[in-house]
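Protein chains in written order, with the working numbering: chain A, 1 to 246; chain B, 247 to 536; chain C, 537 to 861. Worksheet: one structure, shown below.
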Amino acid sequence: MLSVEALEKSFGALQVTNQVSLQVPTGIRHAIIGPNGAGKTTLFNLLTGELRPTAGRIVLDDLDITHLTPDRRARLGLSRSFQRNNLFTGLTVRQNLAMAAIVHERRGRCFWRPLAGLSTIAERTEEIADIVGIADVLERPVRELSYGIQRQIEVGLALATAPKVLLLDEPTSGMSPEESGRIMHLITELPRELAVVIIEHDMHLVFEVADRITVLNYGKVLLDGTPEEVRSSDVVQETYLGGGLD
Amino acid sequence: MLTDGGFWIVQILNSLQLSMLLFLLSVGLTVIFGLLNFVNLAHGSLYMLGAMIGYSIATATGSVWLSFFGAPVAVMIIGAVLYKLLIERMRTAGPMNQVLVTFGLIFVLMDIARYIWGTDQLGVTGNIPFYGTIEVFGQFYPSYRLFIIAVGLITYAVLYVLLERTRLGSEVRAGVDDGETASCMGINVEATFFGVFLLGCALAGLAGAIALPAFSATPDMGVGILVPTLVVVVVGGLGSLKGAIVGSLLIGTTLTFGTALIPNFAGIIMYALLVAVLLLKPEGLYPVRA
Amino acid sequence: MMTSERLRQLITFVTFAALVGYWSTTGYFGYELIAEIAVFAILAMSLDLVAGYTGLVSLGHGALFGFGAYMFGLFTVKLGIAPATGMAAAIVATTICALLVAMVVVRVHGIFFIMITLAIGEMGYEFFFKYRYLGGDDGLVGLPRLDLSGIGVNLSDPSVFALAMIVVTLCVFLVLAYLLRTPYGRVLTGIHENPQRMRALGFPIRAYRISAFALSGAIAGLAGTLTAQHTQFITPQLLHWTTSGEVLVMIILGGLGSLVGPIIGAAIVTLLRHELSSYTDYWGFWLGVFLIIVVVSRKDGIVGWLDYLRQLVAERRRPETAEEA
C-alpha cells in the first residue's frame, strides 16, 4: 500500500505539486489524469525519488520512504516506466529484460558466475517477454525495433522487477489504437497483488482499467474518486474534459 | 620573511600578474566550454603558438609592440582553420572524443613548433616596452609585469562591457544558457559560436605574446599552463566571465604564495582546492546554468 | 555469418599469437618492447573497464599506475620487504587508494569527472615529484624483480621476463573477459548505457561505479608493479596526466569497450613510439594525426573498423538477409 500525504514541490516561486495526497491500496488500479502541465510527471518523479519533495510524506507499507534514494525505493518494490522510452538501446531485448531480471533474482553482485549459466535469470526474462508479448523479438537489438514494441519493453522492464507498486507514465503515448489496445489488455491482466498507478491521456483506457481516479490541475488534487464520480463531476467536465466526454 | 611588508607586496603583484595571464587563457576556454560544450585541451598550445609567433614577429620587425597585435591575429587564423577542419564536427561527439582529438592536437602543434622554432628557450631582449623597474610602495618591481596586470584588467573590463551591454553579449549569454532556444529566437548561434571561438583563440595568442618578454618560450609551455587553466575554468564554473576572473585570482594567488611559502606543496594545494570546490559546488563557483 | 563475438575472439587469438610469434623470433630489444607493450596493455585494459564499460572517463589512471610502482619501490627498496610480498602489498595499497579516490570522484559527471580525476592524479604527480624520500624528480632506482627461481623461472632473463609478461596480460584479459560476462559485469555495461534506468530498476549505481573504479585501480596498480620490475627504475612521470592521456589514446586506437582493443592500441602506440622515433624526431606529430583520424572517423578504433568490415562482407554475401534486418 502506497500512501502520499500532503506532498509539496516547488521550483523557486513555482509550486508544481501542492498538497497532493493519495491512497493506493494493494491491487488497485489508480489513474492520474489532468491537463498538460498539471504536475503528473512531477508527482511520479517525487514518488520514485528523482525529485525531492519540499514538504509532505510518502509511505510504502508503513515505511517512510520520503528521503530514500530512487534505487532504494525500487528495491523496496516501487517500479516505474518512463513517458519517453528509456531503454538500453545498444543491447538486445533479452539483455534489456535481463537487467531487470538480475534485480529480481538479486544477482547484481554476482561476479563469479557467468550470466549465461544462471537459469533463473533466463527464466524470468522469458516469463516477462511472454507477459508483455515480445517473446519473438528477444534476440533483436532494441534500436532496430518499432516504437510500439519498444513501448512494450518499457513496461516489461518496469514489471520484471516484480514490484508491489507499478507506476506507468503514459504507457500508450504515441501508440496506434491497436497497440494501445494491447497495452490496455496487458494492464487489465496484471496480477492483482500489484497496485498500479497510471498516468494516461487516453480516457477510454482510463475508464476501462481504473478503479479510482485522481484529477490534477495546477499541481493540486481537483478531485479524487471512482470513475463514475469523475465522469459525472461538473468541475472536471469544465476544467479538463471540456464537456466532450462520451 | 613574513613580517617583511615588501615580501607581501611583491608576492601580491606576482600573483596578480600570474592571475591575469591565467585569466586571458581561461576566459576564452571557459566560454568555449560553456557556449560550444567543447573541451579544448589544445587551448594551452594556442598560448604557446602566440608566444612563438610573437617571438618571430618581434625578432623580424624589431618591434615587440607589433607582436602584441600580430600574434593574436595569427593565432586567430590558426584557430579558424582548426575550427573548420576539426572542431565544428567534434561539437556533438561527447567530452571523451573531444578530449582525445584535442589531446592529439597538442602533440601535433607541439611538434610543428619544434620543427619551426626548435627546442631551445626563446626570449626577446631588445626593445621591450616598459623596460626597467618601478617603485611600488617602496618596492622595486619590473614595470613590464605591471603592464601584464593592466592588460588583464583592461581585457576583463572590455569583455564585461561586451557581454553585459551589447547585443553580441546578450546573444552569447543566451547561447550559453540554452542554445536551442536561442537559435529559435533567430540568433545565428553558429556564427556566434565561431566568433566566440576566434576571440578565445586571439586572447590565448595575446597571453602568449605578452608572456614572452617576461618569461621565455618553449614548445612544451602550452602543456605546462594547460592544467592550471583547466583548474581555473572548472573552479570558476563553465562559461562564466565572473568565474574566470575569480578563479584566476584564486589559483594565481594560491600558486604564487604556495610556491613562496611552501614550495614543495604549492601544486598540491591548487589541486586540493579544485577537489574541494567540486565536492562542495559540483558545477563550480559561478555556474552559468544553475 | 561470423558474429561480432566470434570476430573479437579471433582478433584476440591473433593478437596473442602475434605477441608470442614476435617473442620467439626477436632478440633483446624486442623483449624490452614486448614487456613495455604488456605493461601498457594491462593498464589500458584497466582503464577500459571504467571508461569503456562503466562510462567513467578517467584522466587519472596514470597516477594509479605510478602509485602502484612507487608503493612497490617503497616496500621493496626502502622497507626491504621481499618482492612477492611487496608486489601484493603495493596492489592492495593502490586498490585502497583507488577506492578512496572513487568515493570522491563518482559524485561528479561528464567533463567534471575528467577534470577531477586529472586533478587528483596531478596531486599524486606533484607529491612524488617533490617527495625526496622516494627520490623526488630524480626517480627511484634499484627495484627488484620477483624471484621465481623456486619454480625454475629466471625473471632476470629478458626473454623469460617478456614471456611472463605476455602470460600476465593474457591472465588479466581472461579475468576481465569473464567478469564482464557475469551479472556484475552486465550491470556495469547497463550503467554505462543508461544510468537513470539502472537506478530506476533498483541498482545502487554509485556503489557499482566505486567498486569498478577500485577494481580498475587494482589492475592499474598491478601494471605499476610490473613496470617497476621491468625497467627497475621509476620516475614521477609515470603519474603525469599525459601518461593517462596516452593510455586513453591506446584504448581509442584499439577500440573502446572491447578489451582486446586496448591491447592492440598499447602495441601500436608503443611500436610507433619506438619505430617512428628512430626515423623522425617528430613522432608525436604523426601519433597525433593518427589519433585525430581515428577519433574523427568514429568507428570505435581498429576493432570497430574490423567489425565494420565484417558487416560489409556479410551484407555483400547475403543481400536478402541484410535487407530484412
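Ideal placement from N, C-alpha and C gives every residue a C-beta, glycine not left out.
Beta carbon proximity, residue i to chain A, threshold 8 Å
i	result
C:I746	no
C:T718	yes
C:E729	yes
C:G837	no
C:I632	no
C:I755	no
C:V689	no
C:V723	yes
C:I627	no
Which listed residue (the options) has its alpha carbon closest to that of residue i
i	options	result
B:L271	B:G468, B:G504, B:E529	B:G468
C:D584	C:W841, C:L795, C:K835	C:L795
C:T763	C:I838, C:L676, C:V642, C:L827	C:L676
C:I727	C:I741, C:T718, C:G824, C:Y714	C:I741
B:L328	B:L351, B:F393, B:L312, B:A317	B:L351
A:L118	A:A101, A:Q23, A:D62	A:A101
A:R72	A:F11, A:R84, A:E8, A:V103	A:V103
B:V478	B:N260, B:T379, B:V277, B:F315	B:V277
C:T621	C:I656, C:L684, C:S780	C:L684
A:L60	A:A74, A:L157, A:V221	A:A74
B:T338	B:R411, B:T502, B:N283	B:N283
C:T771	C:G678, C:V849, C:T806, C:L715	C:G678
C:L737	C:V723, C:G840, C:S747	C:V723
B:A420	B:L281, B:Q257, B:T505	B:L281
B:R413	B:N434, B:L292, B:L495	B:N434
Residue i classed as buried or exposed, judged by whether at least 16 other C-beta atoms fall within 10 angstroms
i	result
C:A802	buried
C:L845	exposed
C:C707	exposed
C:A861	Any answer about C:A861 is weak, because its pLDDT of 38 lies below 50 and its placement is not dependable; what the coordinates show is given next. The residue in question, C:A861, is exposed, as its Cβ has fewer than 16 Cβ neighbours within 10 Å.
A:L14	exposed
B:K330	exposed
C:H766	buried
Beta-bridge partners of residue i, as assigned by DSSP
i	result
B:F383	DSSP output for B:F383 lists no bridge partner at all.
A:N217	A:K220
A:A195	A:V165
A:V20	A:L7
A:Q15	A:S10
A:S79	A:L166
A:T92	A:P141
A:R212	A:H30
C:V677	C:F769
Listed by chain order, chain A residues near residue i by CB distance under 8 Å
i	result
C:L715	F111
Min CB distance residue i to chain C below 8 Å
i	result
B:L346	yes
A:R29	no
A:T48	yes
B:L495	no
B:M342	yes
A:T66	no
A:G174	no
A:G90	yes
C-beta neighbour in chain B for residue i, strict 8 Å
i	result
C:A858	In this prediction, C:A858 scores a pLDDT of 43, lower than 50, which makes its location untrustworthy; the coordinate-derived value is nonetheless stated afterwards. No - not a single Cβ of chain B is within 8 Å of the one on C:A858.
C:V785	yes
C:M659	yes
C:I650	yes
C:V805	no
Where residue i meets chain B, residues with beta-carbon distance less than 9 Å
i	result
C:G566	Going along chain B, no residue has its Cβ under 9 Å from C:G566, so there is no contact; the nearest lies around 26 Å.
C:R643	L524, L525, P528
C:G801	Within chain B, no residue comes near C:G801; the closest Cβ sits about 12 Å away, beyond 9 Å.
Chain C contact residues for residue i, given Cβ-Cβ distances below 8 Å
i	result
A:N116	Strictly speaking, residue 116 of chain A in this sequence is Ala, with Asn absent from that position. Under the 8 Å cutoff, chain C gives R717.
A:N86	N730, Q732, R733, A736
B:V277	Within 8 Å Cβ-Cβ: nothing; B:V277 doesn't reach chain C, min ~15 Å.
Under 7 Å by beta carbon: chain C residues contacting residue i
i	result
A:R143	Within chain C, no residue comes near A:R143; the closest Cβ sits about 11 Å away, beyond 7 Å.
A:R75	G738
A:P70	R735, A736
A:V209	Under the 7 Å cutoff, chain C gives no residues; its nearest Cβ is about 23 Å from A:V209.
A:R107	P719
B:D357	Y818, G820, F821
Partners in chain A for residue i, counting only beta-carbon separations shorter than 7 Å
i	result
C:Q765	Result: empty, since nearest Cβ-Cβ is about 28 Å, beyond 7 Å.
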